[in-house]
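Each residue of the sequence shown is one higher than the one before, starting from 1 at the first, in our numbering. Glycine is no exception: its CB is placed at the ideal position from the N, C-alpha and C atoms. Encoded as structure tokens, the structure appears first; notes follow it.
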Amino acid sequence: RSEATGVGRDDAARPRVALVTGAAHRVGRALAVALGGRGMRVAVHFRSDPAAAAETCRLVEAAGGGAEAFAADLAEASAPGALIRTVADRFGRLDVLVNSAGVMVRTPVAEVTTEAWDAMFAINLRAPFFCAQAAAAVMPEGSAIINIADLAALETWPAYVPHGISKAGVVQMTRALARALAPRIRVNAIAPGTVLLPEGWSHADAERLRSTTPLQRNGSPEDVARAMLYLLDADFVTGETIVVDGGRHVRV
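Printed below as a string of structure tokens:
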């Protein structure tokens, strides 16, 4: 390992292993590639798009890491634990878990159904908890878990109420797991703001968000990746949620 602390840099003779859930697309892909840049072997989780997962693997390898894709539907109750066990068995270890898989569906209060609620919480909150639970059973001392929350955890978005509640749960889960798993495993979270627009949003939507952001720009998945790498290196930080939003959470 090229640094004395953290889990972000690796010994070439014994590369560390990271699992990134939801790594086939969007922010998850950027996180996986950044870990590849640290020389890690990356387990690229995907649900239903093997071609996209294969492209993520290619990018991880181009960045300097190793990669293999693993399919799992994390909405199934048994899938998180099975995924962790499969990755740990395949690579012989697991040092980093990044819970990135999530769903964001527009659900105004009057339109929320129990089915939509349960589906959202299964992916956004239940799956990362049970991934973390299973990972904690196999991770060595000095490992790290990073949960991807959302700015919606800290604000109130009337059209995304269940989503916001689920992501607020991720923030509290991060604090609770950090306490429960210390000192052996550090647990932190990242709450991104506008780093990618939801599918179907327009250029006008992007401009509206940019103009109401204190730093006067929208972010990128790489902004989230840089926060992740900081948290991997910061071995005196646990239980924290880093907001990566250009200052939107402090606007009037």
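First through last residue of the beta strand (DSSP E) which encompasses residue i
i: Arg208; result: Not the beta strand (DSSP E): Arg208 falls in the alpha helix (DSSP H), residues 203-211.
i: Pro50; result: Counting along the chain, Pro50 falls outside any beta strand (DSSP E), though it belongs to the alpha helix (DSSP H) covering 50-63.
i: Glu68; result: 66-71
i: Val187; result: 185-192
i: Thr241; result: 241-244
i: Val44; result: 41-46
Own chain partners of residue i with C-beta closer than 8 angstroms, once the 5 adjacent residues on each side are dropped
i: Val195; result: Val27, Asn218, Gly219, Ser220, Pro221, Asp223, Val224, Val244
i: Ala79; result: Ala72, Asp73, Ala127
i: Arg251; result: Thr212, Thr213, Pro214
i: Gly37; result: Ala63, Gly64, Gly65
Limits of the alpha helix (DSSP H) - the one that residue i falls within
i: Ile84; result: 79-91
i: Val170; result: 161-181
i: Val27; result: 26-37
i: Met224; result: With the sequence shown as reference, residue 224 is identified as Val, and Met is not the correct amino acid for it. Taken as a continuous stretch (DSSP letters only), the alpha helix (DSSP H) holding Val224 covers 221-233.
Residue i, DSSP secondary structure in three states
i: Pro214; result: coil
i: Leu94; result: coil
i: Arg14; result: strand
i: Val250; result: helix
i: Val20; result: strand
Residue i vs residue j beta-carbon contact at 8 angstroms
i: Val44; j: Ala69; result: yes
i: Ala159; j: Arg208; result: no
i: Pro198; j: Gly246; result: no
i: Ala132; j: Ile145; result: yes
i: Ile190; j: Ala227; result: yes
i: Ala254; j: Val98; result: Residue 254 lies beyond the range of the chain shown here (1 to 252); nothing can be said about it.
i: Val20; j: Ser100; result: yes
i: Met139; j: Leu94; result: yes
i: Ala63; j: Val33; result: yes
i: Ile165; j: Gly102; result: no
i: Val187; j: Thr241; result: no
i: Thr56; j: Ala88; result: no
i: Glu61; j: Ala67; result: yes
i: Leu125; j: Gly92; result: no
i: Leu31; j: Gly65; result: no
Contacts around residue i, its chain only, beta-carbon distance under 6 angstroms, and the 5 residues preceding and following it disregarded
i: Ala267; result: Outside the displayed span of the chain (1 to 252) sits residue 267, for which this structure offers no information.
i: Ser143; result: Asp95, Ile185
i: Pro183; result: none
i: Trp117; result: Pro162
i: Arg248; result: Gly193, Thr213
Neighbourhood of residue i by C-beta distance below 7 angstroms, restricted to the same chain and skipping five residues each side
i: Leu232; result: Gly6, Val7, Gly8, Val96, Ala144
Minimum length 4: unbroken alpha helix (DSSP H) runs contained in the region 102-161:
Here the runs fully enclosed are 114-121, 127-136.
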